[in-house]
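One structure below.
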Amino acid sequence: MAAGDVSIPGARVFPESITSTQDGALYIGSIGEAQVYRAAPGATAAAPFIKPNPQLRSITGVLADEGSGTLYVCTNDWSMLGVTSPGGKGPPTLMAYDLKTGAPKGSYVFPGNAGFCNDIAIGADGAAYVTDSVMPRVLRLKKGGGALEEWVKNDMFGTKGINLDGIAFGTDGNLYVTGFGESKMFMIAVGKDMSAGAVTQLAGDPVKNPDGFRALAGGTGNQFLLAEGGHMSLVTIDGGKYTVKVLADDAGAVGVTQVGKTAYVVSGELNYLFAPNLKGKNPPPFVAKAVTLK
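Using numbering that gives the first Met the number 0, you'd call the opening residue of the sequence shown number 0 and step up by one each time.
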């Protein structure tokens, strides 16, 4: 393990998302163990923070909202794929926890008890915006709200397989989302009242299964960190076009986050969870790899 990397103990963690706070703490969601790990600032190893419980199933997206002191967690039932958890079967749900203590703050089931909660971004209005990977929609939990609502729905996002995944607001105030299954990227225009406007498919360099997606702090214009195609990449969006620059190779890259001049990328090693020739075998050690940003 290289200097600056953070280990994630456990043979069946299978991380899918990572987030961070400005002080350098890392939060990592686990598909295999249905819990959230936390690494304190400067720590070389993460430890269980929100442990398995009846409300949690496999965890995909995690996002730290320091403005409200909330850790948002996407949890889904993966039992049909052979992944069991203490939460058992149940609907896709956005959970909210206290960012410092891990105490529960709220539970928000997806409308219609259907969909797949994938990842989260916080808007200028303080609301949480959430991608649905199996229905072509982005949901919103208004600040202080009690339920998720459908914010935008558009078949352009894809209607078959796994689609919307990563989500992040740009410096221009618009919302950008990745389309995992069809390897696409989209812009959703955002009005001054935070209403959803036109959806545009972006044109640019090829990407493969774009996944974790975070706005780059301190970047020039609309820039983002992206886990895609075995890489952690820098995406620069200008108008309706984007360019991609590979920053680090990581074959299992699924999630990225940034702390100052350091990016952290996690590898899900999901082949060891689903591939017939690897399922049941021990994957390589799970690590949040540190990459210096120039």
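Beta carbons are placed, not taken as given, at the ideal position from N, Cα and C, and that holds for glycine. Since this is a predicted model, take the numbers as computed values, not measurements.
A29 - DSSP class collapsed to helix/strand/coil: A small correction: the amino acid at residue 29 is Ser; Ala does not occupy that position in the sequence shown. S29 falls in the strand class under three-state DSSP.
Straight-line gap, P205 to S182 (C-alpha atoms, nearest Å): 8 Å
Residues sharing a beta bridge with G203, DSSP: DSSP output for G203 lists Y241 as bridge partner(s).
Integer Cβ distance of L225 from P209, believed to fall under 8 Å: 6 Å
Which residues DSSP lists as bridging G178, in chain order: L163, K183
Which listed residue (D154, A195, Y26) has its alpha carbon closest to that of E65: Y26
Close Cβ partners of T20 (< 6 Å) along its chain, the five nearest in sequence each way excluded: Taken in chain order, the residues that qualify are A63, E65.
Q257 burial status per 10 Å Cβ neighbour count (16 or more: buried): With a 10 Å radius around the Cβ and a threshold of 16 neighbouring Cβ atoms, Q257 comes out buried.
Environment of F212 [buried if 16+ CB atoms lie within 10 Å]: buried
Nearest residue (CA-CA) to K152, options R139, G143, G172, G160: R139
Cβ pair A33, I58 closer than 8 Å: Yes, they are a contact pair.
Of the residues F179, S84, G68, M134, the one placed nearest K142, counting alpha carbons only: G68
Classification of E268 by the beta-carbon crowding that lies within 10 angstroms, buried from 16 upward: Burial call: buried.
Option in N276, I17, G41, R37 with minimal Cα separation from L73: Reading the sequence as shown, one finds Cys at residue 73 and not Leu. The candidate whose alpha carbon is nearest that of C73 is I17.
Straight-line gap, A216 to S194 (C-alpha atoms, nearest Å): 24 Å
Cβ-based burial, P275 [other Cβ within 10 Å; buried from 16]: exposed
Collapsed DSSP secondary structure at P110 in the structure displayed: Here P110 sits in helix by DSSP.
Secondary structure, beta strand (DSSP E): runs of 3+ residues fully inside the segment 252-283: 252-258, 261-266
Complete beta strand (DSSP E) runs within the segment 29-103 (minimum length 3 residues, chain order): 35-38, 46-49, 57-64, 69-75, 92-97
DSSP state of M134 mapped onto helix, strand, coil: In this structure, M134 counts as coil in the three-state DSSP scheme.
Contacting residues, own chain, Cβ-Cβ under 6 Å from G125 (five flanking each side not counted): Excluding sequence positions up to five before and after G125, its CB lies within less than 6 Å of the CB of K142, all in the same chain and listed in chain order.
Outcome for L80 when other beta-carbon atoms lying within 10 angstroms are tallied against a minimum of 16: Under this definition L80 is an exposed residue.
Under the three-state DSSP convention, the category D154 falls into: helix
For L224, the first and last residue of its enclosing beta strand (DSSP E): 221-227
Whole-angstrom C-beta distance between V137 and L163, which should lie under 8 Å: Yes, they are in contact, since the Cβ atoms of L163 and V137 sit about 7 Å apart, within 8 Å.
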